[in-house]
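Beneath this line is the structure, given in structure tokens, with notes to follow.
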Amino acid sequence: MTSYGGAGGGAGGGAGGGAGGGAGGGAGGGAGGTGSDVGLYGAETFLKSHAGSPPSPLLSSALILSQDATVSYWDGESTLTPTEHSESLTAYLKEVRMPTQALILDCHVRNLIGVEWSIAETISDDGNGDDEEAAAEDDVDGKCEFIVSPVIKMTVRKPKDSVSGQADILTVATVTKPDPDYFEKDLHWLRNYSDLRSDRLAEIYHQTGDIISFFGALGFLDNGRRKYTLLLLEAVRSVAVHVETLAKFIGRQKRPIDYAMEVQPMIQTPDHSSFPSGHALEAFAIATVLHRLSDTGSAVDGIRDNARPFLLAHRISTNRTVAGVHFPVDSLAGAFLGLHLGELIHSIATGTSIQLGELGKPTTPVDEEKTEDFLLSSFLTHLGNPVDGGTQSDELVAWFWDKARQEW
22 MTSYGGAGGG AGGGAGGGAG GGAGGGAGGG AGGTGSDVGL YGAETFLKSH
72 AGSPPSPLLS SALILSQDAT VSYWDGESTL TPTEHSESLT AYLKEVRMPT
122 QALILDCHVR NLIGVEWSIA ETISDDGNGD DEEAAAEDDV DGKCEFIVSP
172 VIKMTVRKPK DSVSGQADIL TVATVTKPDP DYFEKDLHWL RNYSDLRSDR
222 LAEIYHQTGD IISFFGALGF LDNGRRKYTL LLLEAVRSVA VHVETLAKFI
272 GRQKRPIDYA MEVQPMIQTP DHSSFPSGHA LEAFAIATVL HRLSDTGSAV
322 DGIRDNARPF LLAHRISTNR TVAGVHFPVD SLAGAFLGLH LGELIHSIAT
372 GTSIQLGELG KPTTPVDEEK TEDFLLSSFL THLGNPVDGG TQSDELVAWF
422 WDKARQEW
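Residue numbers (this note's numbering): 22 to 429.
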């Protein structure tokens, strides 16, 4: 599938492409697409091809000869009066190619959305109950254990205050990492899902570097009829890589292979954190934006109605557990962040209310109890009662959103 400058992974360079699951993405393109025209690093970043053919030493030599033959003497004085660029941000976009537009959108949204963190401390009371009195008794007896859990916060930078000149930072989604024992309890799901490896081999292998083609099978994404939809979705994925890379650095969770040699993943285990799942984050962000573009309601409505984009996002996420490289709770956290990222982009593009959400730390099962599998039905229970975070609009994001929306 044609890509507009690798905004679906390449605009983050090789590191961004790798975090998205495509180590072969490279600085010029990344896992989201071919990225043949735009890369953040290297010479001639924005334009590599000439008007009629690719660059080459022979063509450059010919152009030198042509200039010598046609210009003769030139004193360096201006002979043309260029029209100045408009002060409008969006007017400038009409003068640059699609890959450059994609890069501008990608970098602009990355500048708005960030990831912060904090620490949550809880007390393990050694099975004597959750009340403060029992915990205090355990603390005296030396049985109490303080568990430190990283809290991942996805934020958006709001416009500067007219008085203070400071930009407010709004926390849009909060995810708390489970206790260490939870991941060990979650391991049994990998045994169950491993039976599906042969059935899903083709999907799993290709989705290591490309998930947008699968969404393209749902809604005919190409560089013609829906070129701005494709551009927007690739930018969404690239921003998702930005969020997941920082979230993983905060989460710093070992992979399933570190818990049992019997896991034996069917693909190479990535070297970055298992929690949260980058594939789930990207897939649910893309699904949310695609669902919104088709004007069929909120992401929660789409999940409740089993809308195709979310069924696909769930399958892409689950495939990582089938492959043996992710716990189900990784996918839950990634999907939660991805859904809120997609809704956030929709909100700042349309000026509608930003919905805030919090995914608390799951309770670690005891004895024979099981951890929760990642299912769309159970995912809904974690999306209830969102908080209104106010509105924020952005001219640049709105321009791209309107272009994509018109294609539907």
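Glycine is no exception: its CB is placed at the ideal position from the N, C-alpha and C atoms. As the structure is a computational prediction, the values presented were derived from the model and not from experiment.
Answer yes if the region 323 to 338 comes into contact with the region 260 to 275, meaning at least three C-beta pairs across the two stretches below 8 Å, and no otherwise.
Segments in contact, no.
Let me know if Asn406 comes out buried or exposed under the rule of 16 or more other beta-carbons within 10 Å of its beta-carbon.
Exposed, because fewer than 16 other Cβ atoms sit within 10 Å of the Cβ of Asn406.
Assuming Thr412 is part of the beta strand (DSSP E), what are its boundary residues?
Counting along the chain, the beta strand (DSSP E) containing Thr412 begins and ends at Val408 to Thr412.
So, with DSSP's three-state summary, where would you put Gly135?
Gly135: strand per DSSP, three-state reduction.
Give the DSSP-derived three-state secondary structure of Thr104 in the structure shown.
It is coil, neither helix nor strand.
Taking the C-alpha atoms as reference points, what is the distance between Met175 and Leu397?
Whole-angstrom Cα-Cα distance: 22 Å.
Could you check which residue in Ile173, Val172 and Asp189 has the C-alpha nearest to that of Pro180?
That would be Asp189, whose Cα lies nearest to the Cα of Pro180.
Do you know offhand how far Ala306's Cα is from Arg258's?
Ala306 and Arg258: Cα-Cα distance of roughly 7 Å.
Taking C-beta to C-beta, are Leu208 and Tyr280 nearer than 8 Å?
Contact flag set, yes.
Would DSSP call Asp127 helix, strand or coil?
DSSP places Asp127 in helix when its eight states are reduced to three.
Under the assumption that Phe357 contacts Val196 (Cβ atoms under 8 Å), give the Cβ distance between them as a whole number of angstroms.
Right, the Cβ-Cβ distance comes to about 6 Å (below 8 Å), so this counts as a contact.
Cα separation between Val346 and Leu332?
C-alpha separation (whole angstroms): 20 Å.
In angstroms with no decimal places, state the Cα-to-Cα distance between Trp429 and Val350.
Spanning the two alpha carbons is a distance of roughly 34 Å.
Using 8 Å as the threshold, is the region 233 to 242 in touch with the region 375 to 382, meaning 3 or more CB pairs across them?
Cβ pair count under 8 Å is below three, so no.
CA-CA distance, Thr290 and Pro386?
For Thr290 and Pro386, the distance between alpha carbons rounds to 26 Å.
Confirm, please, whether the CB-CB distance from Thr121 to Trp420 is below 8 Å.
No.
Suppose you measure from the CA of Gln427 to the CA of Ala320; what does that come to, to the nearest Å?
Their Cα atoms are separated by approximately 20 Å.
For Ile375, which option in Leu302, Pro383, Asp388 and His361 has the closest C-alpha, if you only look at C-alpha atoms?
Among Leu302, Pro383, Asp388 and His361, the Cα nearest to that of Ile375 is on His361.
Would you decide whether Glu303 is buried or exposed? Buried here means 16 or more other CB atoms lie within 10 Å of its CB.
Buried, since its Cβ has 16 or more Cβ neighbours within 10 Å.
For the candidate residues Leu217, Leu365, Ser315 and Asp322, whose alpha-carbon lies nearest to that of Val177?
Per the Cα distances, Leu365.
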